[in-house]
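S.K.:
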Amino acid sequence: MTVTKSPRYYPAEDIKPAKNTYRVKQNPPRIRKSITPGTVLILLAGRFRGKRVVCLKALESGLILVSGPYKINGVPLRRVNQAYVIATSTNVDVSKVDVSSFTDAYFARSKDSSTEGENEFFMGDAPKPAVVNDQRKADQKKVDDALLKSVASAPMMEAYLAAQFTLTTHDKPHTMQF
Numbered sequence: 001m002t003v004t005k006s007p008r009y010y011p012a013e014d015i016k017p018a019k020n021t022y023r024v025k026q027n028p029p030r031i032r033k034s035i036t037p038g039t040v041l042i043l044l045a046g047r048f049r050g051k052r053v054v055c056l057k058a059l060e061s062g063l064i065l066v067s068g069p070y071k072i073n074g075v076p077l078r079r080v081n082q083a084y085v086i087a088t089s090t091n092v093d094v095s096k097v098d099v100s101s102f103t104d105a106y107f108a109r110s111k112d113s114s115t116e117g118e119n120e121f122f123m124g125d126a127p128k129p130a131v132v133n134d135q136r137k138a139d140q141k142k143v144d145d146a147l148l149k150s151v152a153s154a155p156m157m158e159a160y161l162a163a164q165f166t167l168t169t170h171d172k173p174h175t176m177q178f
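Using UniProt numbering, you'd call the opening residue of the sequence shown number 1 and step up by one each time.
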């Protein structure tokens, strides 16, 4: 029978034990195998639900960069969560579209717009809606020009992208192949 000697120092109750310095490293988000650059996707939620868009690339945050093209169906360059899209088997050649300059920082909101206090809100006029700046318009035009050339080369692709996706009463989505 061994007797253990008690320590001479007892910490105070308010001292927190040292935390383990081990940090879990986050793995980059995985994109579904069916979603590749050039795949035509169907948006399921948001302002543009039911629209068919072209996937341009996967961003570092796990979101997908898509475009309508804007001239065909009114969907601008935007980021979309892959949970809210259906990937179709239709593909468009996007090798000539330069999307290297588009990152998550490109879509971040500017921090220079200060929030007004409550008094200024009630005293002033109604807030003005956000206006798309000229840089975004130029980027949209540049991407659309390259994308429209590849869309025009495929027969019926422009009409396919312009068509709205809907389901009727007797459609069974679980049996459909997109």
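Cβ coordinates follow ideal geometry from the N, Cα and C atoms, glycine included.
1. Excluding the five sequence neighbours on either side, which residues of its own chain have a C-beta within less than 7 angstroms of the C-beta of residue 78, listed in chain order?
2. Which of helix, strand or coil does DSSP assign to residue 90?
3. Within a Cβ cutoff of 8 angstroms, which residues of the same chain sit near residue 35, ignoring the five residues on either side of it in sequence?
4. If I follow the unbroken alpha helix (DSSP H) through residue 72, where does it start and stop?
5. Please report the straight-line C-alpha distance between residue 178 and residue 91, rounded to a whole angstrom.
6. Hey, quick one: how far does the beta strand (DSSP E) through residue 99 stretch, first residue to last?
7. Tell me the rounded alpha-carbon separation between residue 162 and residue 26.
8. What separation, rounded to the nearest whole angstrom, lies between the Cα atoms of residue 75 and residue 50?
M.R.: Based on what the coordinates show:
1. By 1-based counting over the sequence shown, the position of residue 78 is 78. Only 66 meet the Cβ criterion.
2. Taking the sequence shown and counting its residues from 1, the one referred to as residue 90 is at position 90. Looking at residue 90 - three-state DSSP - the assignment turns out to be strand.
3. What you label residue 35 is simply residue 35 of the sequence shown in a count that begins at 1. These residues qualify, in order along the chain: 41, 55, 58, 64, 82, 85, 87.
4. Along the sequence shown, read from residue 1 onward, the residue named residue 72 stands at position 72. It spans 70-73 - the alpha helix (DSSP H) in which residue 72 sits, taken as one unbroken run.
5. Mapped onto the sequence shown, residue 178 falls at position 178. Mapped onto the sequence shown, residue 91 falls at position 91. Each residue's alpha carbon lies about 12 angstroms from the other.
6. Position 99 of the sequence shown, counted from the first residue, corresponds to residue 99. Taken as a continuous stretch (DSSP letters only), residue 99 belongs to no beta strand (DSSP E), as it is neither H nor E.
7. The sequence position of residue 162 within the sequence shown is 162, counting from 1. The sequence position of residue 26 within the sequence shown is 26, counting from 1. Using only the alpha carbons, I get a separation of about 39 angstroms.
8. As a working note, residue 75 is residue 75 in the sequence shown. As a working note, residue 50 is residue 50 in the sequence shown. Cα to Cα, the separation comes out at about 11 angstroms.
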